[in-house]
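K.L.:
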Amino acid sequence: MDPLKQKFFEKSTSVKNEIKELLKEHGDLKVDEVNLGQVFGGARDVIMMFWEPSLLDANEGIRFMGYSIPELREKLPQGKGNEPLPEGLFWLLLTGEIPTEENVQWLSEQWKHRSKVPEQTFKVLEQLPADTHPMTQFIIGITSMQSSSHFASRYAKGMNKLEYWDAVYEDAMDLIARLPRVAAYIYRRSFHNGKHIQPDISLDWGANLAHMLGTSSSEEFKNLMCLYMTIHADHEGGNASAHTMHLIGSTLADPYLSFAGAMSSLAGPLHGLANQEVIKWIFDMLETLETRKPTKEQIADYVRSTLASGKVIPGYGHAVLRQPDPRFIAQQRFAERNKLDDDIVNVVWKIYEVVPPILQGLGKVKNPWPNVDAHSGSLLVHYGMTEYSFYTVLFGVSRALGVLAAQCWSRALGMPLERPKSVNMHWLKEFLAEKKEVVLN
Ligand code: CMX
């Protein structure tokens with residue numbers, strides 16, 4: 003057994019035993035109550051899922067296995083620059099331990115060995131018009147690799163359920179290893195006339211992705227990709243892409259199919275597609291205002307006109323967070339540390355000063371602060387990637403780390419088919435009538 007698999011097996015077995023004991027003693031303990039507002043309101047805050055790799059606090063932001071983003075930027079092994087290596091994050095999500103330099107090097111090598119993308123994937127992608135949305139191409143690319151799923155083939159041969167986690171682990175490692183090449187291939191065929199850049203096996207996973215994208219050969223861009231891939235990886239289990247992954251995986255559909263579903267969720271503008279919407283909105287604003295250096299007053303007017311036309315301000319608000327997103331702040335720190343004097347980055351920072359009070363003034367927005375998507379596009383533009391319809395693919399490559407680690411956990415812990423309850427109008431009316439009777443009596 004490889005060292006990461008061995009460590010994950012030990013860790014997940016101990017958590018599994020803990021859960022068994024916990025359920026034996028406290029299985030009936032109430033952890034939550036659901037009100038009618040939540041039934042109709044997208045199940046906000048309802049506790050109904052176990053997701054070991056990360057936990058989101060409304061004020062503090064995300065913690066990966068207990069570590070905040072600033073802590074991870076300090077503690078995880080770094081590449082050539084001073085940003086954490088995504089390999090280290092994946093190791094942490096499976097084991098709960100900060101890896102050593104040796105551990106991440108081993109993982110980097112593993113992913114290189116597993117990175118060959120099946121020929122059929124390129125052939126399938128080539129059948130699509132080059133202007134097909136990159137997320138559509140990404141989802142098709144992922145499903146085209148499904149025939150190499152260890153889980154699917156071992157299941158078909160009658161795999162013992164105690165081995166599910168092992169097969170998911172193998173698929174997770176293969177998929178993560180291949181995704182940078184698939185993503186870069188889509189980018190180059192869509193926006194660079196199919197002039198592809200071959201992988202550089204001397205580079206780590208994130209740097210190699212930067213290299214294959216080819217918009218900037220700078221070390222800074224490679225560092226940015228390492229940071230980007232680390233901070234977008236996971237955001238506990240209830241967000242749409244993670245939850246979709248969890249739900250599909252619970253049917254024992256293999257990781258390729260589950261991940262393709264997760265990416266369909268990520269492609270919605272209220273979720274991951276917001277990163278493209280932010281830059282599109284900024285570009286439209288600058289074109290309308292005929293300047294690359296708008297004043298705060300000009301931005302405020304544009305924000306108000308967006309709201310007046312019944313649209314949201316992309317990159318602002320969150321279903322859980324109630325403070326500026328630490329992932330936004332991490333990107334701001336990156337720009338400051340690298341002294342990026344960039345018009346679009348400066349516009350993003352000005353928007354950050356202007357938007358929160360306006361959203362607060364509406365009196366209904368629960369979180370007026372920026373989320374991760376408010377900043378990411380401006381950094382990509384700085385390093386030459388202006389084709390914003392591609393941005394969500396990058397989010398997706400990163401999100402693979404979190405949701406695939408979580409799927410290893412789900413199968414190791416023997417999580418069952420997910421099946422919450424829904425109700426209809428007839429049920430609600432009867433329920434309310436019964437309640438009224440109880441109150442009157
Ligand atoms: N601009 C304008 N109005 C907003 C808003 C924004 N950025 N954020 C929330 N609101 C509005 C909602 O549309 C809602 O209005 P109605 O009652 O008229 O329908 C009201 O404020 C209350 O919403 P909320 O409880 O504060 O927020 P939700 O939990 O319902 O939604 C989110 C969260 C992210 C979908 C929402 O804030 C939004 O649409 N933001 C813009 C899109 C975005 O940036 N998405 C990315 C999120 C991060 C990610 O997943 O990548």
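Using this note's numbering, read the sequence shown as starting at 3 and increasing by one per residue. C-beta atoms are modelled at their ideal positions from N, C-alpha and C, and glycine is treated no differently.
Heavy atom of the ligand CMX less than 8 Å from the Cβ of Glu12, yes or no?
P.N.:
Because no heavy atom of the ligand CMX lies under 8 Å away, the Cβ of Glu12 does not count as near it: no.
K.L.:
Should Ile353 be counted as a contact of the ligand CMX given a C-beta to heavy atom distance under 8 Å?
P.N.:
no
K.L.:
Quick one: does the C-beta of Lys397 sit closer than 8 Å to a heavy atom of the ligand CMX?
P.N.:
Per the sequence shown, the amino acid found at residue 397 is Phe instead of Lys. Phe397 Cβ: within cutoff of the ligand CMX.
K.L.:
At a cut-off of 8 Å, would you count Val41 as near the ligand CMX, judging by its Cβ distance to the nearest heavy atom?
P.N.:
no
K.L.:
Is there at least one non-hydrogen atom of the ligand CMX closer than 8 Å to the beta-carbon of His248?
P.N.:
The ligand CMX never approaches His248 closely enough for any of its heavy atoms to be under 8 Å from the residue's Cβ.
K.L.:
Given 8 Å as the limit, is there contact between the segment 145-155 and the segment 250-258, that is, 3 or more CB pairs closer than that?
P.N.:
Of all C-beta pairs linking the segment 145-155 to the segment 250-258, three or more are shorter than 8 Å, placing the two stretches in contact.
K.L.:
Under three-state DSSP, which class holds Asp2?
P.N.:
Limits of the chain in this structure are 3 at one end and 443 at the other, which puts residue 2 out of reach.
K.L.:
Take Thr217 and list the residues in its own chain whose beta-carbon comes closer than 6 Å to its own, dropping the five residues that flank it on each side.
P.N.:
Tyr385, Gly386, Met387
K.L.:
For His320, which residues from the same chain have a beta carbon less than 6 Å from its beta carbon, with the 5 sequence-adjacent residues on both sides left out?
P.N.:
Asn369, Asn373.
K.L.:
Shorter than 8 Å, the distance from the beta carbon of Glu279 to the closest heavy atom of the ligand CMX, or not?
P.N.:
yes
K.L.:
Do Arg46 and the ligand CMX come close, with the Cβ less than 8 Å from some heavy atom?
P.N.:
yes
K.L.:
Grab me the residues of Pro101's own chain with a C-beta within less than 8 Å of its C-beta, minus the 5 sequence neighbours each way, in chain order.
P.N.:
Leu78, Pro79, Glu89, Gly90, Trp93, Leu94, Leu109
K.L.:
Less than 8 Å between the CB atoms is what I'm expecting for Ile346 and Ile284, so what's the real figure, rounded?
P.N.:
7 Å
K.L.:
Compute every distance between the C-beta of Asn373 and the non-hydrogen atoms of the ligand CMX, then say whether any falls below 8 Å.
P.N.:
yes
K.L.:
Based on Cα-Cα distance, which residue from Glu104, Gly239, Ile233, Gln8 lies nearest to Ala408?
P.N.:
Nearest Cα to Ala408 within the set Glu104, Gly239, Ile233, Gln8: Gly239.
K.L.:
Buried or exposed: where does Trp371 fall if 16 or more other Cβ atoms within 10 Å of its Cβ makes it buried?
P.N.:
Taking all protein chains in view, the Cβ of Trp371 is crowded by 16 or more other Cβ atoms within 10 Å, so the residue is classified as buried.
K.L.:
Can you determine whether any heavy atom of the ligand CMX sits closer than 8 Å to the C-beta of Lys366, and answer yes or no?
P.N.:
yes
K.L.:
Any heavy atom of the ligand CMX closer than 8 Å to the Cβ of Val119?
P.N.:
no
K.L.:
Within a Cβ cutoff of 7 Å, which residues of the same chain sit near Glu221, ignoring the five residues on either side of it in sequence?
P.N.:
Hits under 7 Å: Lys82, Gly83.
K.L.:
For Gln80, which beta-bridge partners are listed by DSSP?
P.N.:
DSSP lists Pro86 as partners of Gln80.
K.L.:
Given Met231, which residues of its chain have a CB within under 6 Å of its CB, disregarding the five upstream and five downstream residues?
P.N.:
Pro88, Gly208, Ser400
K.L.:
Would you mind giving the Cβ-Cβ distance between Phe336 and Leu229, rounded to the nearest angstrom? I have them listed as a contact below 8 Å.
P.N.:
6 Å
K.L.:
Applying the criterion that 16 or more other CB atoms from any shown protein chain within 10 Å of the CB defines a buried residue, is Gln129 buried or exposed?
P.N.:
exposed
K.L.:
Take Gly274 and list the residues in its own chain whose beta-carbon comes closer than 6 Å to its own, dropping the five residues that flank it on each side.
P.N.:
Leu268, Thr394, Phe397
K.L.:
Return the first residue and the last residue of the alpha helix (DSSP H) that Leu164 is part of.
P.N.:
Taken as a continuous stretch (DSSP letters only), Leu164 belongs to no alpha helix (DSSP H), as it is neither H nor E.
K.L.:
Checking the sheet assignment: what are the DSSP bridge partners for Pro370?
P.N.:
In DSSP, Pro370 forms no bridge with anything.
K.L.:
For Leu74, is the beta carbon positioned less than 8 Å from some heavy atom of the ligand CMX?
P.N.:
Relative to the ligand CMX, Leu74 has its C-beta separated by 8 Å or more from all heavy atoms.
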